[in-house]
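Worksheet: the structure to be examined is printed underneath.
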Amino acid sequence: MTIQDILAPENWLSASGGPRYVQLRRRLERAISDGDLPPGTPLPPEREIANMTTLSRVTVRKAVQPLVAEGLIVQRRGSGSVIATPVTKVEQSLSRLTSFTEDMARRGMAVDSTWLERGVFMPSPEEVMTLGLASDDSVSRVSRLRLAGGVPLAIERASISTRLLPNPLMVESSLYEALDKLGNRPVRAVQRISAANLNGADAALLEVEEGIAGLKIARISYLDSGKVVEFTQSIYRGDAYDFVAELQLPRNKT
Ligand code: GLP
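If you use the working numbering, the sequence shown corresponds to residues 369 to 622, in order.
Structural data, given as structure tokens:
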């Protein structure tokens with residue numbers, strides 16, 4: 369079915385079917401759930417949808433806006449709207465120290481990364497403090513957009529002292545695998561999770577609407593010796609992740 373067929377009013381618009389924007393919204397929802405408008409399909413501009421449906425642009429906007437808010441349609445600045453790729457929610461335990469690669473492998477999902485930055489840098493004051501660096505130490509920075517099953521899930525920016533990861537090019541697909549090879553895999557971590565609304569640049573990378581809810585996660589992980597090995601700041605898509613923690617009653621003290 370072409371977009372023209374989907375939108376042609378004789379195929380769905382009826383005088384008794386309720387408000388016109390609701391009818392158009394349902395029509396689009398249906399076409400998305402039935403696969404007539406598969407993920408990645410570009411949506412014609414509002415003006416063209418108005419022409420095809422014989423509705424006003426205001427009515428078209430009222431129909432499309434809730435679908436954008438629900439995440440079924442993604443509006444990209446400059447390049448129009450497309451049908452979103454649905455994400456399967458990932459449930460992530462908060463008590464196991466695992467890597468992204470391991471977490472996704474356990475779910476049978478193929479991982480992929482796009483490099484945003486990989487190199488040796490002078491540390492920022494925050495890195496000096498968090499990693500416990502000396503004034504002349506440098507840091508390896510490894511920043512990636514992380515995808516699972518082709519869907520971007522998170523942006524992760526990791527900093528590691530060059531004393532523990534001398535060459536960031538050693539990181540191919542997994543940071544923890546590279547650290548493991550060097551005998552520097554973390555054994556313990558502290559993680560802080562907070563809510564954040566995604567800014568334009570992060571939203572574009574994660575292929576979601578600017579301003580939607582995301583999860584900001586900072587992980588500081590440690591070697592057995594107690595030394596900090598990793599300081600990672602991540603932004604996860606709020607619609608793709610559920611973090612799960614197991615809680616137990618404190619044991620009674622005798
Ligand atoms: C998780 C953590 C990061 C860690 C990463 C390592 O996603 N939030 O702090 O750096 O795993 O993953 P990988 O070994 O796949 O690069």
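Using N, Cα and C, we set each Cβ at its ideal position, and we do this for glycine too.
CA-to-CA distance, residue j to residue i, given in whole angstroms
{"i": "glutamine 460", "j": "alanine 613", "result": "9 Å"}
{"i": "aspartate 505", "j": "glutamate 545", "result": "23 Å"}
{"i": "arginine 486", "j": "aspartate 404", "result": "41 Å"}
{"i": "leucine 392", "j": "aspartate 402", "result": "15 Å"}
{"i": "asparagine 419", "j": "proline 493", "result": "56 Å"}
{"i": "serine 542", "j": "asparagine 565", "result": "27 Å"}
{"i": "proline 387", "j": "glycine 518", "result": "38 Å"}
{"i": "arginine 398", "j": "leucine 435", "result": "11 Å"}
{"i": "isoleucine 400", "j": "leucine 375", "result": "12 Å"}
{"i": "serine 562", "j": "aspartate 570", "result": "16 Å"}
{"i": "glycine 568", "j": "valine 496", "result": "28 Å"}
{"i": "serine 602", "j": "serine 508", "result": "16 Å"}
{"i": "glutamate 578", "j": "alanine 572", "result": "7 Å"}
{"i": "proline 377", "j": "arginine 415", "result": "15 Å"}
{"i": "serine 449", "j": "serine 529", "result": "42 Å"}
{"i": "glycine 385", "j": "proline 454", "result": "28 Å"}
{"i": "leucine 617", "j": "serine 463", "result": "16 Å"}
{"i": "alanine 526", "j": "asparagine 379", "result": "52 Å"}
{"i": "glutamate 524", "j": "serine 503", "result": "25 Å"}
{"i": "tryptophan 483", "j": "serine 424", "result": "44 Å"}
{"i": "isoleucine 417", "j": "glutamine 433", "result": "14 Å"}
{"i": "proline 534", "j": "glycine 500", "result": "16 Å"}
Contacting residues, own chain, Cβ-Cβ under 6 Å from residue i (five flanking each side not counted)
{"i": "arginine 587", "result": "Ala557, Gln559, Thr600"}
{"i": "leucine 547", "result": "Arg553"}
{"i": "alanine 516", "result": "Met472, Met477, Val479"}
{"i": "valine 597", "result": "Leu532, Asn552, Pro554, Ser589, Leu591"}
{"i": "arginine 395", "result": "Trp380"}
Buried versus exposed, by CB contacts within 10 Å (16 or more), residue i
{"i": "leucine 521", "result": "buried"}
{"i": "proline 554", "result": "buried"}
{"i": "proline 491", "result": "buried"}
{"i": "arginine 475", "result": "exposed"}
{"i": "serine 382", "result": "exposed"}
{"i": "serine 481", "result": "buried"}
{"i": "valine 426", "result": "exposed"}
{"i": "arginine 445", "result": "exposed"}
{"i": "proline 536", "result": "buried"}
Bridge-paired residues (DSSP) for residue i
{"i": "asparagine 565", "result": "Ala581"}
{"i": "leucine 411", "result": "Ser449"}
{"i": "proline 520", "result": "Leu515"}
{"i": "isoleucine 441", "result": "Ile451"}
{"i": "tyrosine 590", "result": "Arg556, Val596"}
{"i": "phenylalanine 489", "result": "Val507"}
{"i": "tryptophan 483", "result": "Arg512"}
Spatial neighbours of residue i in its chain, beta-carbon cut-off 7 Å, leaving aside the 5 residues before and after
{"i": "alanine 452", "result": "Pro407, Gly439, Leu440, Ile441, Val442"}
{"i": "lysine 430", "result": "Tyr389"}
{"i": "aspartate 607", "result": "Gly439, Val455"}
{"i": "leucine 513", "result": "Ser481, Thr482, Leu484, Pro520, Ile523, Leu573"}
Anything with a beta carbon under 5 Å from a heavy atom of ligand 1 counts; list them all in chain order.
Ser467, Phe468, Thr469, Ala526, Ser542, Leu543, Tyr544, Arg587, Thr600
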